[in-house]
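Order-wise, the sequence lines are chains E and R. With the numbering used here, the residue at position 37 of the first sequence is 47, and numbering never jumps. With the numbering used here, the residue at position 106 of the second sequence is 415, and numbering never jumps. Note that beta-carbon positions come from the ideal geometry of N, C-alpha and C, so glycine has one too. Notes to accompany the following structure.
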Amino acid sequence: QKEVEQNSGPLSVPEGAIASLNCTYSDRGSQSFFWYRQYSGKSPELIMFIYSNGDKEDGRFTAQLNKASQYVSLLIRDSQPSDSATYLCAVATGGGNKLTFGTGTQLKVEL
Amino acid sequence: GAGVSQSPRYKVAKRGQDVALRCDPISGHVSLFWYQQALGQGPEFLTYFQNEAQLDKSGLPSDRFFAERPEGSVSTLKIQRTQQEDSAVYLCASSPGQQTTFGSGTRLTVV
């Protein structure tokens, strides 16, 4: 079992819809959770982080964390074509906050 | 600098050649990480520095891989006797604490 699991997609949503991206993790001791966006050929860009159970909202993005279920999700409201990218879920493990990544979910927002 | 700077952006090496990849982190960032990203995968942790101390090198795939950060700022990842399986994007990242910022990466192709 991989430490961080994501559906690779592609996930296709129409413009203006809500995109829901999901991630599960295996280490119950994990404390910090991150969502990175990666455009093709570019480096990962941090878009959201969450440490506590519940929801955290930032503009069109909402991160949700459920530590009991070992589940993290990212909601993107009013999806735009510019949101089309691969979304990487990452969990901080060990000392120094080294990140363990999932394989990423490819999101396509269609006109 | 304003961001994490990596050089070269692209490197083609003949199998068996040694390569050196450079990373200049964000000024003042204590933590520096190297990750390897294969095509279609999430980044995989290689090694971690806190200032000049290499605190975790558990992700280095073999003794052909060596990293250093002698003055606690610029870091170099060296790969000796490159093999085809070393072909990947090598990402450097730095962090002042919780949040990690990635550089643009070096795409290494071993032919």
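Q: Determine the direct distance from the alpha carbon of Pro-370/R to that of Gln-392/R, and round the result to whole angstroms.
A: Cα to Cα, Gln-392/R sits roughly 12 Å from Pro-370/R.
Q: Report yes if the C-beta distance between Ala-95/E and Arg-47/E is below 7 Å; otherwise report no.
A: yes
Q: Measure the CB-CB distance between Val-101/E and Ser-40/E and report whether it falls below 7 Å.
A: yes
(Q) Using a Cβ-Cβ distance cut-off of 7 Å, determine whether Pro-20/E contacts chain R. (A) no
Q | Contacts of Thr-410/R in chain E (Cβ-Cβ under 8 Å) | A | Leu-56
Q. My guess is that Pro-54/E and Leu-98/E are in contact by the Cβ rule of under 8 Å, so how many angstroms apart are they, rounded?
A. 6 Å
Q: Using three-state DSSP, classify Ser-92/E as helix, strand or coil.
A: helix
Q.
Am I right that Leu-56/E and Gln-408/R are in contact with their C-beta atoms under 8 Å? What's the rounded C-beta distance?
A. 6 Å
Q) Between the region 343–351 of chain R and the region 57–73 of chain E, are three or more C-beta pairs nearer than 8 Å? A) no
Q | Nonlocal neighbours in the same chain, by C-beta distance under 8 Å from Gln-363/R, ignoring five residues either side | A | Thr-356, Tyr-357, Ala-376, Glu-377 and Arg-378
Q: Please list, in chain order, all residues of the same chain as His-338/R whose beta carbon is under 7 Å from its beta carbon, the five residues on each side excluded.
A: Ser-403, Ser-404 and Pro-405
Q.
Between Phe-354/R and chain E, is the shortest Cβ-Cβ distance under 7 Å, so that the two count as touching?
A. yes
Q) Do you know offhand how far Phe-59/E's Cα is from Glu-67/E's? A) 10 Å
Q | Nearest candidate by alpha-carbon position, reference Glu-380/R, set Glu-361/R, Ser-367/R, Arg-373/R and Arg-390/R | A | Glu-361/R
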